[in-house]
Structure formats: C-alpha cells, structure tokens
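So the mapping is simple: this note's numbering equals the position in the sequence shown, first residue as 1, plus 17.
Note that the Cβ used here is the ideal one computed from N, Cα and C, for glycine as well.
All figures in this text were calculated on a predicted structure; none of them were measured in a lab.
Following: one structure in structure tokens, then a few remarks.
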Amino acid sequence: MFDVVVVGAGPAGSMAAKTCAERGLKVLLIEKRQEIGTPVRCAEGISKKGLQRFVEIDRRWISAEVIGAKIYSPDGTEVTMAEEMAGNEVGFVLERKIFDRYLARLAAKAGAEVIVKTTFIGFERVGNALRVKLKRMGEDWEVETKLLIGADGVESRVGRIAGIIKTLKKSEIESCAQYLMSGLDIDENYTYFYLGNDLAPGGYAWIFPKGNGCANVGIGVLPSIAKANAKFYLDRFVEKLEIRGKIVELVSGAVPVYGEVATAVADNIMLAGDAAYHSDPITGGGIANALSAGYHAGIVASEAFEKKDFSANFLRRYDELWKADFGWKLRRNKRLQEFFLKLDDETLNSLARSIAGKNIREMSIEAIIAELIKKNPSIIELLKSFLSP
Ligand SMILES: Cc1cc2nc3c(=O)[nH]c(=O)nc-3n(C[C@H](O)[C@H](O)[C@H](O)COP(=O)(O)OP(=O)(O)OC[C@H]3O[C@@H](n4cnc5c(N)ncnc54)[C@H](O)[C@@H]3O)c2cc1C
C-alpha cells in the first residue's frame, strides 16, 4: 500500500515523487527502462530560469551553456537573439542521461522508493483507492494506492486507460529524428534553429552544441503535412548544410504540440509532463513544464491527503495550478503555431529580413513577436485573429 504511485522517472515523474516524499507521503516511483535517462529522446535545451525554479544547477549535468540563439529563415537570413553574458536568462544544453538520474536520486533521497524495470499495465478501482497492476522484472505485481500520477510520457498509458487524454492527431504531434554528432566546427556559444516549409514542414531543424565539438543535430516535422519521415528530412538537412561530423547516436521520438488539455485529472489520478501534452506547441520544449507540472502534482497530492479527498473534483486544484503557471502559454502558442504554419517561405524570409541585425536581447517567443510587430505593423490584424479568445 502506497499513498502515491508515480509512473515514469522522467523530469515530471521524479519531480512529482520528490515533492510528495518531501511532504511525508509514502511514494513509489516506477520506471519501465532498466536505466533512468536512456535512451535520450531530447535535444536537451532549457533556459536557466526554467531549471532554477526547481533544482540547483549542478555542472555535472550541464553539457554546455549558451548565450543566445541564431534563427535562420529558408533563404539563410540570420536573426540573432543574444543575452548579455552577465544576464540571467542564458540557456543550457543538458546531459539528460545524468540529469534524469540525478532527479530520480533526489526523489529517493526525499524518501521515495524508486524501482526500475517495472512497467505500469493498468489499474482497477477498489473503493476509494486504486489497485495498480505492474510488471516487475517480468513478474506480475499489484500495489494499492490512493493516488496515481501518470508521468509516463507522450504515449501515456495511464492517461489513455483513465480516459483523460485522447490519441493525438497527426497535426498535434511533431515527429522528430536526431543525431548526436562529434567533430563539428561550430560556435558553441549559440543554439541554432532552421526554418522552412521544404526543409522541415511544420517544424524546424536544430543544432544544440554539447561542448568539445559535439552537438545534437535534429529535426521535427508535422506528419500531417510532411511527405516523408523525420529521418529523411534530417539526412537532407545534414547534407544541405554540409554538416561535417561523425554520427555517434540516432534517436527518434515524438513531441505533443497539442496546446492546453481541458483537464489532466480523473478520480485518484493526475497526469504530468508529456503525458498531459505539456510540451510547447512552437518550440517543442517540455522539460521545464514537466518539472513544473510534477511539482504542482506533488503539492496537490499532499493537499488531497490533508483533506482526505482524492476525487477529480478536488484534484482540479492541480489543473488550476499548471494552467495558471504555463497552460495559458500552451494555449497561446498553439494559436501562434497555427499562424506560423500558414506562412510560406517567402513571407518567412521577408519577416526574418525585417528584424535581421536587430539586437534581440531576450531569448523568447515573446521577444521575437514583439520585434516582428514593431517592424511589420500589418501582421497585428492577422495575429489578432489567431490570438483572440
Ligand atoms: C527529439 C526530441 C527533442 C527534444 N528536445 C527538447 C529540448 O531541447 N528541450 C526541451 O525542453 N524538451 C525537448 N523535448 C521534449 C522533452 O524531451 C519532453 O518534453 C520531456 O522529456 C518530458 O518529460 P516527462 O517526464 O513528461 O516525460 P519523459 O521524459 O518522456 O519520461 C517518461 C518516462 O516514463 C517511462 N514510461 C513510459 N511508459 C511507462 C510505463 N508503462 N511504465 C513505467 N514507465 C513508463 C519512460 O520510459 C520515461 O522514462 C524533445 C523531445 C524530442 C522527442
């Protein structure tokens, strides 16, 4: 019998388990893989602010620190967003193999029981609790719990069985492929983003430096409009840019670009991170939101124990917290994504030209939009129709 069972030891799950355990709850954190953090399905980029809210920075899991981002339109026009070196908003490229394990260790240190090679299979309701069915090292295992937190990623089995989320459409998911490459000759002070309807339909390509000439070189495409799989576009991108380096790893994965779900709860159940489609619809970034969702789920779990109320009605407090924190941004960025999807390459080029060479001193979508509006007042009306409630 556990107070809380958390499924999935990614950033959302470990943060939820840690937060619950710190508040005195008896927590089981399970992970289906035998090693937490591998294989890495991530480009590992995150803002300093997104990290620092929840963990103290530890250099052991920072691969590289960047001072800005360079964005390239289809014709190669460069837009640079660069922080002051002394600024507080610089970005990091993580080493998630170490980061994810570190987070799980924090959860264990706080008192959570962490068990790997254990897969969530399903659950049944028993009175006011759940009997959770697991497969541990090939053996059936059942545990009882008052609360189940599904942090089991984009294909969340918890979410589907609980009926909280529906299967994503092809237009609601980015399909990604990424190489870890070594021997690259790049300026490692920046992350690089490449746009273009032909280059990366419905998405973008990226190069995120990891130090010592290594980088994550990847691409995300929207399957609803792409004519081939992500790996095809990745190979074409590497060839077109003449990126000379050795491919050390290949990963593929999916990122939800859904926007804001109506709810991430059911009786006795909360979903956090990619399981609740918490990734950003424009950037595809989901680590910071996963940490934040895991934290809020942990807080509401402990409140539910204080009130002895595990109903969906009570757990909606969790919905309120994540929606106020970043849900509104998912909703807005979904609309912005739909706006950007309508732009052809020529428009992307002319928008990029209008702000090329400007000093954009903040690395954010807001800063880019503000600059675009300043230089192209005519897009305000167009944007309004996408952003109006
Ligand atoms: C190619 C790619 C590049 C990306 N780049 C970035 C980036 O640069 N920056 C960024 O912020 N985000 C990025 N993302 C998104 C980011 O990786 C996710 O948003 C983030 O990992 C979500 O964390 P999570 O804890 O919700 O889920 P995950 O990290 O997916 O963790 C879920 C865990 O649950 C486990 N699990 C699944 N099913 C079960 C089960 N039935 N039983 C037990 N365990 C289970 C999985 O093994 C996994 O360990 C990228 C994603 C992809 C695919």
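- Within the same chain, Cβ atoms closer than 8 Å to the Cβ of Glu-388 are found at Ile-372, Lys-375 and Ile-377, the five residues on either side in sequence being excluded.
- Out of Ala-34, Ala-329 and Thr-162, the CA that lies nearest to the CA of Ser-309 is found in Ala-34.
- Of the candidates Gly-30, Val-44 and Val-282, the residue whose Cα lies closest to the Cα of Asn-330 is Val-282.
- Between ligand 1 and the CB of Pro-28, the shortest heavy atom gap is smaller than 6 Å.
- Check the Cα spacing between Thr-36 and each of Leu-400, Ser-328, Ala-314 and Glu-161: the tightest is with Ala-314.
- In this structure, Gly-144 has its beta carbon at no less than 6 Å from each heavy atom of ligand 1.
- Along the stretch 157 to 232, the alpha helix (DSSP H) occurs as fully enclosed runs of 4 or more residues at 174 to 179, listed in sequence order.
- Residue Tyr-312 holds the alpha-carbon nearest to the alpha-carbon of Ala-38 among Tyr-312, Arg-113 and Ser-296.
- If you compare the alpha carbons of Ala-293, Glu-82 and Ser-241 with that of Leu-358, the shortest gap goes to Ser-241.
- Rounded to the nearest angstrom, the gap between the Cα atoms of Leu-332 and Glu-355 is 31 Å.
- Between Ala-194 and Ala-247, the C-beta spacing is below 7 Å.
- At least one heavy atom of ligand 1 lies closer than 6 Å to the C-beta of Glu-48.
- Closest in alpha carbon position to Ala-384, among Phe-225, Arg-261 and Met-98, is Met-98.
- No heavy atom of ligand 1 is found nearer than 6 Å to the CB of Gly-213.
- A direct Cα-Cα distance of roughly 14 Å separates Tyr-211 from Ala-60.
- Around the Cβ of Asp-336, a 10 Å sphere holds 16 or more other Cβ atoms; the residue is buried.
- Contact annotation, Pro-28 with Val-110: C-beta distance approximately 15 Å; criterion of less than 8 Å not satisfied.
- In this chain, the alpha helix (DSSP H) harbouring Leu-308 covers 304 to 324.
- Inter-residue distance for Trp-78 and Val-149 is about 33 Å (C-alpha atoms, whole angstroms).
- Between Pro-273 and Asn-350 a beta carbon distance of about 12 Å is seen, past the 8 Å cut, so the two are scored as non-contacting.
- Our two residues, Lys-183 and Ala-318, have alpha carbons roughly 24 Å apart in a direct line.
- Exclusion of the five residues before and after Leu-197 leaves Cys-231, Asn-233, Val-265 and Glu-266 as the residues of its chain whose Cβ lies within less than 7 Å of its Cβ.
- Remark: the shortest separation between the CB of Gly-302 and any heavy atom of ligand 1 falls under 6 Å.
- In the three-state reduction of the DSSP assignment, Val-268 falls in the strand class, which pools E and B.
- DSSP places Phe-356 in the helix class (H, G or I) of the three-state scheme.
- Short note on Cys-193: C-beta closer than 6 Å to some heavy atom of ligand 1.
- Proximity of the stretch 40 to 50 to the stretch 123 to 143 meets the contact definition, three or more beta-carbon pairs being nearer than 8 Å.
- Annotation for Ser-64: the continuous beta strand (DSSP E) segment containing it runs 62 to 64.
- Excluding residues up to 5 positions away in sequence, Val-268 and Gly-270 lie with their Cβ nearer than 7 Å to the Cβ of Arg-58 in the same chain.
- Distance from the CA atom of Phe-327 to the CA atom of Ile-88, rounded to whole angstroms, is 46 Å.
- Looking at Gly-276, Gln-69, Val-23 and Val-21, the one whose alpha-carbon comes closest to that of Lys-186 is Gly-276.
- The residues Ala-81, Pro-226 and Gly-228, in chain order, have a CB closer than 7 Å to that of Glu-205 in the same chain once the five nearest residues on each side in sequence are set aside.
- For Arg-174, the CB contacts under 7 Å within the same chain, skipping 5 residues up- and downstream, are Phe-137 in chain order.
- Taking 3 residues as the shortest admissible run, the stretch 85 to 156 contains the following complete beta strand (DSSP E) segments, listed from N- to C-terminal end: 85 to 89, 95 to 99, 108 to 111, 130 to 132, 135 to 143 and 146 to 153.
- The beta-bridge partner set that DSSP reports for Glu-256 is empty.
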